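A.B. asks: What follows is a single structure, and I will ask about it in a moment.
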Amino acid sequence: CGCVINPVCVCVCVLLNRCVLLNRCGLCVTVTDLVCVCVCVIDPVYVWLSLMRVHVCVAEIQCPPHSHYEACGTACPASCAHSTDPLFCALACVESCQCDSGYILSGGDCVPRHQCGCSFLGSYYRTGDQLVTDTCSRRCTCPGGGKASHFCWHTLEELRGVILPPYKSLIQPHLQYSGLLLGTVSHLQSLPMTCQNITCNEHQECAIRHGVRDCHTIRTATCSASGDPHYRTFDGLPFDFQGTCRYTLSELCAPAADLTAFRVTVENERRGSTAVSWTRQVRVLVYGYQVLSVDSVSICPLAVPQVDGIRQNLPVTLASGNIRVHHSGSAAVLETDLGLRVSYDWSHYVTVTVPGTYMGSLCGLCGNFNGNVTDEFKSASGEMVSSPVLFGNSWKHGNESCPEEPELPSPQCTSEQRALYSSEQYCGALINATGPFQHCQSSMPSLSAFENCVFDLCASGEALSLCQALGAYALECQGRGIGISDWRNSTGCLECQENSDYQVCGTSCPASCSRPGFPADCGTPCQEGCQCLDGYVLSAGRCVPPAQCGCLHRGQYRTPGESFWEDEACRSLCVCEPGSGRVRCRADACQEHEACRVVNGRRRCVPSAAVCVATGDPHYRTFDGRRYDFQGACTYVLVTACRGARDAPQFRVETHNREIPGRSVALVDRVAVVVYGHEILLSRDSLGRVKVDGLYANLPWSRAEGGLTVFRAGLYTHVRTDFGLEVGYDLRHHVWVSLHRRFAGRTCGLCGNYNGLPADDYITPNGTLVSSLHAFASSWKANVTEQCEHGCQGGSCPVCEHPQTYSGSQFCGIISHANGPFAACLSRLDPAPYLQDCVYDVCLAQGDRETLCQSLQAFASACQALNVSLSPWRNDSFCGVACPENSHYEVCGERDINRCVSLPTNTSSAPCAEGCFCDHGFRLSGEHCVPSTDCGCVHNGLYLQMGQSVLNQACTERCQCHAGGAVECVPLLCNAGQECGIRNGQMGCHDTFSICVVTGDPHYFSYDGALTHFQGTCEYQVSAVCHNLTLPWFRITTENRNRGNSLVSFIYRVHVYLTGLHLQITGTGSHCVTTATPHYFVFLHPSIPLSYTPLFPFPAPCYSPLLHPSIPFSYTPLFPSPTPL
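The following block contains the structure:
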C-alpha cells in the first residue's frame, strides 16, 4: 500500500461504513455492490483515503434504491437520527452512494423524509422495528411517520420563537449572507413508540440471542424423514411409509394469536425399486412465501430453490429478514425468526425443527408435538388410525391424483444380505463402539438407525443408500453438538466439487459472494460436508475466487453472465456482466403472440401458441410439455384436429421415421401436411421445392389467397396457414409444429391433446388413456398396412453409459454455458431438456460431430423462434454449413429478402433465421442463388425457374419461362404409347412402359432416361422392388467381366430373382432355372424389363427378354426336367 507508519494492508468495504479485515497485503475480496479499497491502518483509528490514492478492487458501485453515486460525497450523510450531520462534518469527502433529493438515511436505507422512524430511549428505530425492554415485559413498535429536518434561508424574524407541536424547533445559526441566516429546523416527530405488555410463556426465557432481546424458546423439537423414507415424529415415534404422492409433513392446525402459520410438504418418488420411495421435493409455505426445492437426486450444493415459482440463487433473504435460506454443508436450510428451521439435502433427508411454542398445535406426518408418542397416528380427519399406511395416506396433500399407498408387506432381507449389510464396512459402522459415531451412540438411537440402514440397502442394493443412512445419522449427531469422526473418505460417499474439500466439522454458514462475512455470525453447530478452500467463496453453490463473483441486484444474487427479466411484465431484460459486478438492464419486451410467464422457475417470453417438437432420434415434446423418446420406424400421426374441432379448419401432420442402421434409433426423414384439401410432402430430397398433391413445385408456393404458404427460411422449410398452424422441418432430423390456442383441448396424435395437462397426453385414437408409451405411440401409426417396426421399448432401448463425457463444454455443455453462444437464450428457454437430448444422441453416436451439430441446431432454432439474438456458434471447423454457389452463412439472416418471389404478408413478422442466404446482387430461385436478371416467372400461382417448362393437367399445353418473366405456352399432344399423368412428381406425357437397358462395355440407360457408364467387374443390382411392398417382388443383377481389355467390362451373366424362382442367363448359352420345386424348362415372357443381347451367337434355347417393372415375371412349365439343369 505504500504505508509508512504502522502499515497494514486491508480491504475496506466503503458502503458498510465499517472496516472489514478481509485480506492482508493481497488481492481484496470482491464483494458485489461494495467498493473495496486498499488503505493504510494507523492503529487504533482507520484512516479513510481518497480513491485517487488507493487501489480499487471492484470497479463501480451499484447504489441501492433512491440513491446515486458520487465520487466525492459527504462522509457524514444526513440520517433521520442525525439530520444535521452534513452541516458540521469535518471529514474529507468520500466516494459513496448518497440519497437522492427528498430522501434521507433510515437505518441504511434511503427513505422519503416523511417516512422516518422513531427515537426511543436514546436510540433510533426504523419504521416497523421492535424493541423488547430489559425484563421482556413490554414490546414496543415504531409506527413510523416521523419527519426529518430541512434546510432553508430565513430572516431572523421568521425563525424567532417558532414552535410547532408535536415537533421541536431548533435554530442553529452558523452562516449569514446578505442579512439572511441559514437555519436548520429539525422536525423530528416526538410521538412515542407503540408498546404492549408481554409475558414469556413456560417454553420461553427472556434472553438476548443473535443480538436481539426477546422471549426465546427454551425447547425445540425436530422431525425427520430419511432414506426410503423413515419418519421420526417430533415426539420421537419412528415409522416407515413409502407413498409416492405429495404429503403434509407438518403444519399449524390449532391457530393461535401468538403463533405464525406455516406448512411443510414433501413429495416422494420411486427410484428403481417399486417397494420403497424417496423424498424428491420439499415445499415450505410461511409468511406468504412458498419456497420449493427443485428436483435433485444427488448430494451437491448446486441446486437452486424456487421462491413463489421463481428460481433464486442462495443465500436469499425474504419477508424483511424474517426468512433466510442458505447453504449448510450439503443441504439447503430455511430459517425464520419464529424458530422454524427446515433442512433438505436435495436427495432424501428432510428435517423440520420447531420451537416449543408450537407444542400441541401441529399436525401432519410429523405428529402433533404434545409429548405423547401413543397418539401420533391421528389422520387428517382427526381420527386415530392403526397403521402407518392409513396414517400416511390421510395426509396426502390437496387433490393429488396419485394412487394411495396399499397395505403391502415390507421388503425382506435374505440372511446373506443382512449379514453383509450388518458388517462394519456397511451399516455396522453405526453401532461400532469404536467407530466414527461412538460418542453419539449414548445420546442418539443408533440401533434404529442401523435397522433403517440395513432395510434401505436390502430394498435398493445401492451404495448411495448406505451413504444416505450414515449421513443422516451424522447430521443428527452434529445437530446436538456431538462430535463424530471422518467416515466418508473411507466409504467414498462424498466427492467434493472443484476448489473444495471435505471437513468433518466445517461451518454450517459458509461464506458466499453475497455474504462474505457470514461465518462470523453463525450460531449453529458445525456440520460435516464440503467446504470451499481458503481464498474461495460460494457463488450459487460453486466455489469460485472472489474475483469471479457475480452481482447483487435488488437483494438477489446473480451469477456472472446470468440474464433475467427484472420485472413481472418482461419489460426490462438484465444481465450480470462477468468481472465487473455490474447489472445492466435494457428496455425489451416479448414479441407479438408471446406472453410473459414463469417456466421452470424462470420468467420467460413464451409463445401464445404451443409448440410440439420431434427431433434427434427422435425425442418428442408435446404441446403440453411432456417429453418422451420413441424410436418407431413407421409413418405416424404427429397431430390432427379432433374432439370437437369441427368448427375449425381440419388438418393433419404425419411424420415418417427412418431407422438408423446399427443404432436402434430413428430419424424423421419425411413430413406430410394435409390441409385445405392439399397434401404437402417435405422430404430430404426436396431442397428448394415441395411436393404438393404429388407434383413438385418450386418454393415459395402459396394457395388459398395466401392462407396456405410453403417457403424456405434458412435451414428450415415452413408450411404456414392463416389459422395458426405452422410446421417447420430442416429436411434432416428436426420438425416442429406450432398451433394456435384456439385448438387447445382439440388435438390428438403424438403431440398430445393440448389441454395444459401433460399427464393425460398418452391418448390412443379410440380415446383411451394408456400408461404405456409404446402402446400410445404405436397406436398412431398412420398406415395400418405399412410393414415396419415400432422400435425398442422399456429396458430394450439403448442407454448412454457415460453421460458425463458428453455433458462438458467440448460437447453438449455449450448449450447451457453461461458465457457461451446461447447465453442470451437461457433466460427465455430452459436448456435442460435440450442438453439431455443432446447428451443421449451424441453418446449413442459415440461422439459423432454431425449428431452434436444437429442437437445444437435444434436449440438454436428454438431460441430464434423466441426472437433471441445468438452469438455465432458455427465456424469452418465446427458445425460449418456448406452453402451453395453465390450464397453465404448467417447466424441470423433476414428470411424475407433476396428472393425472386416475395412471400405473403403473413410471414413478414417472423424472426430471423439461421442458414445460407444469397450474396448481394443475387436472389433465391428455387434452391439456387441467381443474378436478379435470371429470376424466373410466376404462372398460375406457381414459380418457374428460368428455362423451366410445365404442362397443364390435361397435358394439352406446355408453358415455358423465358427471360424477363415472360411465359410462352404452346399446344401439346401426347404421342402414341404415352399417357398423361404424374410420375416422380412431374406432370407429363409418359411412356406406358419404361425400359431399362444395359449394353456395351457397359452403358446403363435408366427407366427415366438417365445414362451412366460403369466398368466394374462384380455383380451389380440393376433393378428391384425396394419400397412399395404391395407390388410383386423381383430383383435383377448382372455379373460383369473383362474381355481382353482390362479397361472395360461386359455382361457375363444375368440373374433374375422372383418369389421362389432364380433364373440365370449366361453368354455361353448355358441357362438354368432354380425353383422351390423340381427344375423346369421355362418359356420367358417377351416383355420383361431387362434387354440382354449376347455379343456372339450361342446355341438355342437363347432368349433376349424385354422386362417391364409393372408386369410380373411369367413362365410356363413345358415338361419336368429329367436331370438338374
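Each residue of the sequence shown is one higher than the last, beginning at 1 in full-length UniProt numbering.
For each residue, glycine too, the CB sits at the ideal point set by N, CA and C.
In this text, all values refer to a predicted model and were calculated from it rather than measured experimentally.
(1) Examine the Cβ distances between the stretch 342–352 and the stretch 221–228 and report whether three or more of them are shorter than 8 Å.
(2) With a threshold of 16 other CB atoms inside 10 Å of the CB of R603, please say whether the residue is buried or exposed.
(3) Would Y69 and C63 qualify as a contact pair, given that the criterion is a beta-carbon distance under 8 Å?
(4) Can you tell which of G880, T357, E202 has the C-alpha that lies nearest to the C-alpha of H257?
(5) Which runs of the alpha helix (DSSP H), 4 residues or longer, sit entirely within the stretch 799–855?
(6) Which one of G581, A610, F1005, V583 has the shortest CA to CA distance from A595?
(7) From the DSSP output, which residues share a beta bridge with H384?
(8) Using the rule of at least 16 other Cβ atoms within 10 Å of the residue's Cβ for burial, across every protein chain shown, is T785 buried or exposed?
(9) Can you tell me where the beta strand (DSSP E) with S67 in it begins and where it stops?
(10) If you follow the alpha helix (DSSP H) that T349 is in, where does it begin and where does it stop?
(11) Which residue's Cα is closest to the Cα of S96: I104, G625, G73, I982?
(12) For C937, which residues in the same chain have their Cβ closer than 6 Å to its Cβ, ignoring the five residues on either side in sequence?
(13) From A963 to T933, what distance separates their C-alpha atoms?
(14) Any idea if V770 is buried or exposed, counting beta-carbon neighbours within 10 angstroms, 16 or more meaning buried?
(15) Can you give the beta carbon distance from Y806 to V842, rounded, assuming they're within the 8 Å contact cut?
(16) What do you get for V799, buried or exposed, if any count of 16 or more other CB atoms within 10 angstroms of its CB means buried?
(17) With three or more beta-carbon pairs closer than 8 Å as the criterion, would you say the stretch 715–729 touches the stretch 918–928?
(18) Three-state secondary structure (DSSP) at C453?
(19) Relative to the C-alpha of V668, which residue among Q591, V653, Y676 is closest?
(20) Suppose contacts are defined by Cβ-Cβ distances below 8 Å. Is D100 in contact with C110 by that definition?
(21) Less than 8 Å between the C-beta atoms of R113 and I198, yes or no?
(22) With 16 other CB atoms within 10 Å as the buried threshold, where does L864 fall?
(23) Which of the three DSSP states, helix, strand or coil, is assigned to L87?
(24) For a minimum of 3 consecutive residues, which ranges assigned as the beta strand (DSSP E) are wholly contained in the stretch 722–802?
(25) Taking E416 as part of the alpha helix (DSSP H), name the residues at either end of that continuous run.
(26) Would you call the CB atoms of P445 and F239 closer than 8 Å?
(27) Under a Cβ-count criterion, where at least 16 other Cβ atoms within 10 Å of its own Cβ denotes burial, should V212 be classed as buried or exposed?
(28) Rounded to whole angstroms, what is the Cα-Cα separation between C959 and F651?
(29) Quick one: residues in its chain with C-beta nearer than 6 Å to the C-beta of W1033, no 5 flanking neighbours on either side, listed in chain order?
(30) So, with DSSP's three-state summary, where would you put C1102?
(31) Can a CB atom of chain C be found closer than 8 Å to the CB of I680?
(32) Just curious, the beta strand (DSSP E) that S563 is in, first and last residue?
(33) What first and last residue would you give for the beta strand (DSSP E) that runs through Q556?
(34) Spell out the partners DSSP gives Y426 in its beta bridges.
(35) Three-state secondary structure (DSSP) at P64?
(36) Since N755 and D624 should fall inside the 8 Å C-beta cutoff, what is the C-beta to C-beta distance between them, to a whole number of angstroms?
C.D. replies: Inspection of the coordinates gives the following:
(1) Output reads yes: the stretch 221–228 touches the stretch 342–352.
(2) The residue in question, R603, is buried, as its Cβ has 16 or more Cβ neighbours within 10 Å.
(3) Contact: yes.
(4) At residue 257 the sequence reads Ala, which differs from the His that was named. Nearest option by C-alpha distance: T357.
(5) 832–844
(6) A610
(7) One point to set straight first is that residue 384 is Met, not His, in the sequence displayed. Within the DSSP secondary-structure output, M384 pairs in a beta bridge with K378.
(8) exposed
(9) 67–73
(10) The sequence given here places Tyr at residue 349; Thr does not occur at that position. In this chain, Y349 is not harboured by any alpha helix (DSSP H), its DSSP state being neither H nor E.
(11) The residue from I104, G625, G73, I982 with its alpha-carbon nearest to that of S96 is G73.
(12) L944, C961, G965, V967
(13) 8 Å
(14) The residue is exposed, with fewer than 16 neighbouring Cβ atoms inside 10 Å.
(15) 5 Å
(16) exposed
(17) Taking one beta carbon from each stretch, the stretch 715–729 and the stretch 918–928 have fewer than 3 pairs nearer than 8 Å; the two do not touch.
(18) helix
(19) V653
(20) yes
(21) no
(22) As written in the sequence, residue 864 is Gln, which differs from the Leu given in the question. It is buried - the Cβ of Q864 has at least 16 other Cβ atoms within 10 Å.
(23) The three-state secondary structure of L87, taken from DSSP, is helix.
(24) With a minimum length of 3 residues, the continuous beta strand (DSSP E) runs that stay inside the stretch 722–802 are 725–729, 735–739.
(25) 415–421
(26) no
(27) exposed
(28) 32 Å
(29) V1025, T1059
(30) Model confidence at C1102 stands at a pLDDT of 32, short of 50, so the residue's coordinates are unreliable; what they give is reported in the following sentence. Coil, per DSSP.
(31) Included in the structure is just one protein chain, with no chain C present.
(32) Start and end: 563–565.
(33) 556–558
(34) Paired residue(s): none; Y426 is not in a bridge.
(35) The answer is coil: DSSP assigns P64 none of H, G, I, E or B.
(36) 7 Å
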